[in-house]
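>
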Amino acid sequence: MKGTVKWFNKNKGYGFIITDDSKEYFVHWKSIVTNSPRELKVLEQDEAVTFDLMETDKGVQAINIIRSV
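Going by this note's numbering, the first residue of the sequence shown is number 11, and it counts up by one from there.
#1: DSSP on K20, reduced to helix/strand/coil?
#2: Using a threshold of 9 Å, state whether the C-beta atoms of K50 and I75 are closer than that.
#3: Please report the straight-line C-alpha distance between S32 and F18, rounded to a whole angstrom.
#4: Skipping 5 residues on each side, what residues in its chain have a beta carbon closer than 6 Å to that of K20?
#5: Assuming Y35 contacts A58 (C-beta within less than 8 Å), just tell me the rounded distance between them.
#6: Apart from the five residues just before and just after M64, which ones in its own chain have a Cβ nearer than 6 Å to its Cβ?
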């Protein structure tokens, strides 16, 4: 799926992604894919991303989040 980062709190390590059809999905820093293990797993507001969805005990969550180039 494609979406845009609605907001991401770097200190708490979570935020939300919004899709073109206005659906919002929770994102946790552990689900962000980086090129290097030393790269910080953070997102910026309004950043374009691609991601998959996973059903959890707390609802649907974004996983495998990759920054769009």
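Ideal Cβ positions, reconstructed from N, Cα and C, are used throughout, including at glycine.
Taking the geometry as given:
#1: Collapsing the DSSP output to three states places K20 in coil.
#2: Strictly speaking, residue 50 in this sequence is Leu, with Lys absent from that position. Here L50 is not near I75, since their CB atoms are 9 Å or more apart.
#3: Distance between S32 and F18, taken at the CA atoms: about 17 Å.
#4: V52
#5: Y35 to A58, Cβ: 14 Å. No contact.
#6: Q71, I73
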